[in-house]
Each structure stands twice: as C-alpha cells, then as structure tokens.
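Converting from the sequence shown to my numbering requires adding 25 to each position, the first position being numbered 1. Even glycine gets a Cβ: it sits at the ideal position worked out from N, Cα and C. What follows is a short report on a single structure.
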Amino acid sequence: MVLKYTSKRPDEELDGLQALEDHFKSAQHEDVVAVVVISGHTLVEDLNDGQRTATVRMKQVEPLTGAEAQTARQLLSSAYVKRTGNEPLPIEDDEQPTLSIVEGGDSE
C-alpha cells in the first residue's frame with residue numbers, strides 16, 4: 026500500500042510556511058526545517074479487491090530556525106536511522122585524505 030497525501034494546505038493560522046513566501050521565491054533558497062502535524066484524512070476501500078488506500082493531510086506546519094532547526098535535524102537523522110538502519114559512515118573531518126602533487130621521479 027502507498028500512503029497518499031492531500032494537496033490541501035493547513036488552515037491559515039496553522040500554516041507557518043506562508044511567512045516564508047519571499048524566501049522560496051529567491052533563485053537559490055536554502056532548505057527549511059519544519060515541524061509538521063499529520064492527520065488521517067480519508068480511507069478508501071476498493072470493493073473489487075478489498076485493497077485499502079489511506080490519505081493523510083498536513084494539519085499544521087511550523088518552520089524552525091537556529092538551535093531549534095539543528096535539534097530537529099538531529100532528531101530527523103536519528104529517526105531515519107532507527108526506521109531504515111542506514112547509518113552514516115563514521116568519517117571525521119581530520120581523517121579526510123588529501124592529494125598532493127609529487128614532482129620528479131621515474132617515468133615508467
């Protein structure tokens with residue numbers, strides 16, 4: 026089953042993204058971290074095969090900035106790892122290999 030999403034946006038007072046309209050109109054805008062409340066909207070059952078399809082909608086969305094956005098990114102990453110088991114490789118910045126150009130030597 027594939028969960029579907031409605032295209033209806035949250036009610037005016039519950040849609041914090043509207044304040045970012047100019048941000049999204051810019052040519053190269055940065056991603057926005059937001060907290061979203063999702064609610065069940067409809068459930069449709071096909072009478073021929075009994076397959077059920079659920080649709081959800083965004084009930085409320087609020088953008089986050091600064092420390093709140095950083096905390097949300099960490100929570101998002103942790104939830105993703107828990108759900109999928111896909112953990113990032115433990116590579117430290119100071120362990121990154123560097124390439125150096127060496128002049129001279131034998132030509133083989």
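If you drop the 5 nearest sequence neighbours on each side, which residues of the same chain put their C-beta closer than 6 Å to that of F49?
Within the sequence shown, residue 49 is the residue found at index 24, counting from 1. Closer than 6 Å at Cβ, skipping near neighbours: no residue.
A97: beta carbon under 7 Å from a heavy atom of the ligand PLP?
Among the components of this structure there are no ligands whatsoever, and the ligand PLP is therefore not found.
Residues that R77 bridges to, as DSSP identifies them:
As a position in the sequence shown, residue 77 is number 52, starting the count at 1. According to DSSP, R77 bridges with E70.
What beta strand (DSSP E) runs, 3 residues minimum, are completely inside the stretch 40 to 68?
none
Where does V27 sit, in a helix, a strand or coil, going by DSSP?
As a first step, residue 27 must be located in the sequence shown, where it is residue number 2. Three-state result, V27: coil.
Going by C-alpha distance, which of A79, I63, V60 and V61 is nearest V69?
On the sequence shown, position 44 is the one that residue 69 refers to. Ranking A79, I63, V60 and V61 by Cα distance to V69 puts A79 first.
Rounded distance between the beta-carbons of V61 and V86, thought under 8 Å:
The count along the sequence shown starts at 1 and reaches residue 86 at position 61. The count along the sequence shown starts at 1 and reaches residue 61 at position 36. Contact holds; Cβ gap of about 5 Å.
Quick one: what does DSSP say E87 is sitting in, helix, strand or coil?
Along the sequence shown, read from residue 1 onward, the residue named residue 87 stands at position 62. E87: strand per DSSP, three-state reduction.
Anyone know if the C-beta pair for K84 and L45 falls short of 8 Å?
Taking the first residue of the sequence shown as 1, we reach residue 84 at position 59. Taking the first residue of the sequence shown as 1, we reach residue 45 at position 20. It is not a contact, given that the beta carbons lie outside the stated cut-off.
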